[in-house]
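Participant: Mapping to the numbering used here: the sequence shown position 285 is 276, numbers consecutive.
Yeah, the Cβ is synthetic: ideal placement off N, Cα and C, and Gly gets one too.
All of these numbers come straight from a predicted model, not from anything done at the bench.
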Amino acid sequence: MYKIIVFLIIFTASFIKYVNAQPTFKPVSQYRAPSIDYSKLYQRKEDGVSFFKKVLSIIKNPIPEKDDVALERTDNFLYSGPTSVSQDMLQIAENIREDFSETYFGTSLPPSIGPVILYFEPSDTEDSNLTWTIDDPQRKFHTIWLKCSPQRIHGACAHEMTHALLATRYPNQITPLFTEAIATLHDDPKRIKIYNDLLQYWSRSKNFPPWERLFQPQNIPNKDKAGYGAAHILARYLLNHTPIDKPQLNDAGDPATPEQILVMFAANSYHPGQKNTNELPIFNAVKFNEALQKYYDIKDIQELVTRLNNYIRERGAYQNPKN
Ligand SMILES: [Zn+2]
């Protein structure tokens, strides 16, 4: 009996350790209105288990130091990176493309619309990922560079693919603030923690993000974590405050989810820049306020700023009971 109890204790402890050691890839559903099944973002229903296994197999099997570089082509991707993970990487990218199109537009993108060149370079020390969306009539592909540890692949690919998909459906219509806002919803827990730390800092100090400046079209530098944090909070706020009595229709003609309304607002609140150029959308207060009223029942940008700061004040206080 004694041996059985000891065995059970050791088994339970090992199991908990094993489960905790697995990456969870949990989307930030806790911040969002419960309108859709977020597990679908990461596990397609029909092959959820095999997809999860693919992600795990990349993480668990170290990539050989001297791996060949593969060049693989599908309808939607051209992959360049270690041969040993080429099929798994392509499958992950294809799943993200399909799931995110459904999530943000309500319908799948047809094959080969907005194709992506996907470079992957494994690195245990660096975490730098980048998307260069099509910004020139000569360019036929978006380009994504992932240089990160295998553990970061899924979050990094999901973040960067969000940029590519938004630029495909709404070229030059969405400012960097909003594409980052939406992309950060798919960041890994380490980055989400940074955004939560910023939220608490802004809440405690009452030094709120410079919203009026942030709403002006501008790029957010890669190292500007505060810029990403503000963008993330903006997305969380809007997702949680979608009016339920003002239904909008998505690309499939169905009632839009909060995610789809967020994208529609982002795409229709600025005057578009010139298509397929690197020109950013153009801010115009009248247009921005009209979109705020249409999608969120918010009177104008000043009211939005007041609401965002109140949200930071409340959420920051909520997350820090000592405050
Ligand atoms: Zn980004």
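1. How far does the beta strand (DSSP E) with K138 in it extend, from its first residue to its last?
2. With a floor of 3 residues, list each beta strand (DSSP E) that falls wholly inside the region 98 to 172, ordered by position along the chain.
3. Determine the extent of the beta strand (DSSP E) in which F68 is found, giving its start and end residues.
4. Taking 8 angstroms as the cut-off, decide whether the C-beta atoms of I173 and L190 are in contact.
5. Are D299 and Y192 touching if we call contact CB-CB under 8 angstroms?
6. Among F206, F68, N67, T74, which has the Cα closest to the Cα of A61?
7. Which residue's Cα is closest to the Cα of Y110: F68, E117, H232, K216?
8. What whole-angstrom Cβ distance do Y219 and T175 have, given they're in contact under 8 angstroms?
9. Would you tell me roughly how many angstroms separate the C-alpha atoms of A217 and G307, rounded to the nearest one?
10. Assign P315 to buried or exposed, taking buried as 16 or more other Cβ atoms, counted over all protein chains shown, within 10 Å of its Cβ.
11. Starting from the Cα of E203, find the closest Cα among E93, T297, F96, A247 and give me that residue.
12. Are T116 and H133 close, meaning C-beta to C-beta below 8 angstroms?
13. Helix, strand or coil for E63? Go by DSSP, reduced to three states.
14. Kindly list the residues whose CB is nearer than 6 angstroms to the CB of A149, restricted to its own chain and excluding five residues on each side of it in sequence; keep chain order.
15. Answer yes or no: the CB of A84 versus the heavy atoms of ligand 1, is any distance below 7 angstroms?
16. Would you tell me roughly how many angstroms separate the C-alpha atoms of V76 and L230, rounded to the nearest one?
17. State the Cα-Cα distance for the pair Y261 and S119, rounded to the nearest angstrom.
18. Of all the options D59, P106, Q142, which has the alpha carbon lying nearest to the alpha carbon of T153?
19. Three or more C-beta pairs under 8 angstroms: does that hold for the region 204 to 213 against the region 265 to 274?
20. Closer than 6 angstroms between the C-beta and any heavy atom of ligand 1: which residues qualify, listed along the chain?
21. Look at the Cβ atom of P162, then the Cβ atom of K290, and state whether they are nearer than 8 angstroms.
22. Just mark Q164 as buried or exposed, buried being the case when its beta carbon has 16 or more other beta carbons within 10 Å.
23. Taking the Cβ atom as the reference point for each residue, do P249 and P238 lie within a distance shorter than 8 angstroms?
24. Could you check whether Y287 and P234 sit closer than 8 angstroms to each other, using their CB atoms as the reference points?
25. Inspect the beta-carbon positions of I303 and S194 and report whether they are closer than 8 angstroms.
Facilitator: Per the coordinate set shown:
1. 133 to 139
2. 107 to 113, 119 to 123, 133 to 139
3. 68 to 73
4. no
5. A small correction: the amino acid at residue 299 is Leu; Asp does not occupy that position in the sequence shown. Not in contact: L299 and Y192 (Cβ atoms no closer than 8 angstroms).
6. T74
7. F68
8. 6 angstroms
9. 15 angstroms
10. As shown, the chain starts at -8 and ends at 314. That puts residue 315 outside it, with no answer to give.
11. T297
12. no
13. strand
14. I87, H177
15. no
16. 35 angstroms
17. 29 angstroms
18. P106
19. yes
20. H150, H154, E171, A174
21. no
22. buried
23. no
24. yes
25. yes
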